[in-house]
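Peer 1:
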Amino acid sequence: MLDIRAVREDPEGVKAQLKTRGGDAFGQVDELLRCDEVRRAAETEKQKLQGDRKRISKEIGALKGKGEDTTEIEAQVREIGAQISAIGRQVEEADQKQRDLLLSIPNLPHAKCPAGADETANPEVRCWGEKPALDGEARDHVAIAGDLGLLDFEAATKISGSGFVVFRGQGAKLERALIQFMLDTHVGEHGYEEVSPPFIIQRECMIGTGQLPKFEEEAYGVLDGEMYLAPTAEVPLTNLYREMIVKAEQFPIKVAAYTPCFRTEAGAAGRDTRGIIRMHQFDKVEIVNIVHPDESFAQLETLTAEAEKILQKLGLHYRVIELCAGDLGANSTKTYDIEVWAPGQGQYLEVSSCSNFVDYQARRMGLRFKDADGKNVFCHTLNGSGTALPRLFVALLETYQQPDGSVAIPETLRGHFGADKIG
RNA sequence: GGUGAGGUGGCUGAGUGGUCGAAAGCACAGCUUUGCUAAAGCUGCGUACCGGAAACGGUACCGAGGGUUCGAAUCCCUCCCUCACCGCCA
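Position 257, counted from 1, in the first sequence is what my numbering calls 531; the numbers after and before it change by one each time, with no gaps.
Set out below in structure tokens:
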């Protein structure tokens, strides 16, 4: 949510920044400002009337104490009361409209955000490792896992339909080992607090982190839309601090969690249909930071490095790209995507998206801290996948496949997995 | 799910339908004094919004939302949450 004061102060600047995203969000700015003006005028009028009522009502009390007749003056207040409820409705209406607009206007891309309309314009920031030299043809994870009995698509379809998968045997164990390995890394080496949150989420929290109201169709609702299945642990983790005034000494707050993630993938039908690259339910370890506003951009570098560390430890080749303005998520001001190389796909797969939301989420959820002057100021929030599991699983299988059909387990994972190969 | 008790400022905790944004204590901040591993006194100390360049002024907020009333923390209704006991259950 943008700061209405900031929008009031520099409407043209805000519009210009929104324009870099493409789309038509900038058009809502004028509507927002009109609404703001109406709202404030009505608010001022209402407050004046309330002041009158308060004052005169007190007089009535005093007069009655003296036993005087107050019939006439009571009628006067009754009239003011009617005016207050009339103007009060206007205030409410304008208030609601303004809030709706503010909740749907995306964040401003940061000043140096690369220009561009879509993912083809995302610049590569850095690259780690090299594409593995495989003996023979690169098979894809579906073939590899099929031979080893790691994934069961038919069973998943029977249970839940398309877009789901059952991990079986060593596959299920590998999934579990990866979760453990990633959490251990973030908690043990990067100083995160480990969290195990609920997966069913209140609507207010989904609004807080920005999944709603804009992306309703992407979330699984339960209980008639009162609750939602978590689309990412970002939602419960960040909302841990909703409606709170944290202490500046707590910065940086670092929390990590494993959760399954549920997404309808509305609008993505037909994309990435082979294998487990795009699922309605997938596992992910998420890392969330809450920091002082002065620190957030530096912290984004740290957080991204922490996510990269997972891939480095597993010896997986990857690249980091920065999202251009046109590809940037609605809530984010700056995002790095980490893409791991998957030899069987012949392409890089996004396994992590690391974003700085500045105060956009904090303002939505009322997450503040007391600054040096004792003022309540909105924190900055960041998050990143650390990392998404199915695609990591794909990269692992395809990178470490052996000519004999087995899959080697990288050194760093053997402790968690309990073996040095599958098959 | 049932029954009972509660939800007041950072915490504890008073509160009569009108002078209550709310006593008192604690905590916290500043000042003063005496001095020494502290004490006493004084002062200040909620949040949001509106107006204002600012100083400051105003309005609202006593779990949430409705209602009664000229006027509600205080009366009525609904809901939520917490605690206790009971029932059920992984």
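Glycine included, C-beta positions come from ideal geometry on N, C-alpha and C.
According to DSSP, what are the bridge partners of A682?
Peer 2: For A682, which the question treats as bridged, DSSP gives the partners K695.
Peer 1: If you reduce the DSSP assignment to three classes, tell me which class A662 lands in.
Peer 2: Three-state result, A662: strand.
Peer 1: Whose CA, out of Q676, G640 and S659, lies closest to the CA of V651?
Peer 2: The candidate whose alpha carbon is nearest that of V651 is G640.
Peer 1: Whole angstroms are fine: how far does the CA of R313 sit from the CA of E319?
Peer 2: When rounded, the distance between both Cα atoms is 10 Å.
Peer 1: So what's F525 in DSSP terms, helix, strand or just coil?
Peer 2: Here F525 sits in coil by DSSP.
Peer 1: Which residue wins for smallest C-alpha separation from E491, given the options A385, E539, V509 and G445?
Peer 2: Of A385, E539, V509 and G445, the residue nearest in Cα terms is E539.
Peer 1: Which runs of the alpha helix (DSSP H) fall wholly inside the segment 468 to 518 and span at least 4 residues, in chain order?
Peer 2: Listed in chain order, the complete alpha helix (DSSP H) runs (minimum 4 residues) inside the segment 468 to 518 are 477 to 483 and 508 to 513.
Peer 1: Check I379 in the structure and name its three-state DSSP category.
Peer 2: Of the three classes helix, strand and coil, the one that applies to I379 here is coil, per DSSP.
Peer 1: Just mark S436 as buried or exposed, buried being the case when its beta carbon has 16 or more other beta carbons within 10 Å.
Peer 2: S436 should be labelled exposed.
Peer 1: Based on the DSSP secondary-structure assignment, which residues constitute the bridge partners of V440?
Peer 2: V440 pairs with D426.
Peer 1: In chain order, what residues of the same chain lie with their CB nearer than 7 Å to the CB of A391, ignoring the 5 residues before and after it?
Peer 2: Excluding sequence neighbours, A391 sits near G296 and G600.
Peer 1: Which class does C309 belong to by DSSP, given the choice of helix, strand or coil?
Peer 2: C309: helix per DSSP, three-state reduction.
Peer 1: Residue range of the alpha helix (DSSP H) that T576 falls in?
Peer 2: Looking at the DSSP string, the run of the alpha helix (DSSP H) that includes T576 is S570 to K587.
Peer 1: Please work out which residues of its chain come closer than 6 Å, Cβ to Cβ, to V365, disregarding the five sequence neighbours upstream and downstream, and give them in chain order.
Peer 2: So the list reads A316, E317 and K320, once near-sequence residues are dropped.
Peer 1: Indicate whether the contact test is met: 3 or more Cβ pairs, each with one atom in the segment 446 to 457 and one in the segment 552 to 569, closer than 8 Å.
Peer 2: Enough Cβ pairs lie closer than 8 Å, so yes.
Peer 1: State buried or exposed for E333, treating a residue as buried only when at least 16 other CB atoms are found within 10 Å of its CB.
Peer 2: Classification of E333: exposed, given that the 10 Å Cβ count is below 16.
Peer 1: In whole angstroms, what separates the C-alpha of I527 from that of K338?
Peer 2: Roughly 58 Å separates the two Cα atoms.
Peer 1: What does a CB cutoff of less than 7 Å around S331 pick up in its chain, not counting 5 residues either side in sequence?
Peer 2: Hits under 7 Å: V351.
Peer 1: Can you list, in chain order, the residues of its chain whose CB lies under 7 Å from that of Q635, leaving out five sequence neighbours each side?
Peer 2: Around Q635: G482, T483, G484, T512, N605 and T655.
Peer 1: Tell me the DSSP secondary structure of K608 in three-state form.
Peer 2: Correct three-state label for K608: strand.
Peer 1: Between which residues of its own chain and M501 is the CB-CB distance below 6 Å, once the five residues before and five after are set aside?
Peer 2: Same-chain partners within the cutoff: I474.
Peer 1: Is D426 closer than 7 Å to R413 when the C-beta atoms are compared?
Peer 2: Cβ atoms of R413 and D426: not closer than 7 Å.
Peer 1: Which word fits K608, buried or exposed, when buried means at least 16 other C-beta atoms lie within 10 angstroms of its C-beta?
Peer 2: With 16 or more other Cβ atoms within 10 Å, it is buried.
Peer 1: Measure the C-alpha to C-alpha separation of E685 and L588 and round it to an integer number of angstroms.
Peer 2: Using only the alpha carbons, I get a separation of about 8 Å.
Peer 1: Ignore the nearest five residues each way along the sequence and tell me which others in V681's own chain have a CB closer than 8 Å to its CB.
Peer 2: Contacts found: I418, L422, L670, L671, Y674, Q675, K695, I696 and G697.
Peer 1: Just to confirm the assignment, what range does the beta strand (DSSP E) spanning T400 have?
Peer 2: Residue identity differs from the one stated: residue 400 is Arg in this sequence, not Thr. That run of the beta strand (DSSP E) goes E398 to W402.
Peer 1: Per DSSP, what kind of secondary structure is S359 in: helix, strand or coil?
Peer 2: Of the three classes helix, strand and coil, the one that applies to S359 here is helix, per DSSP.
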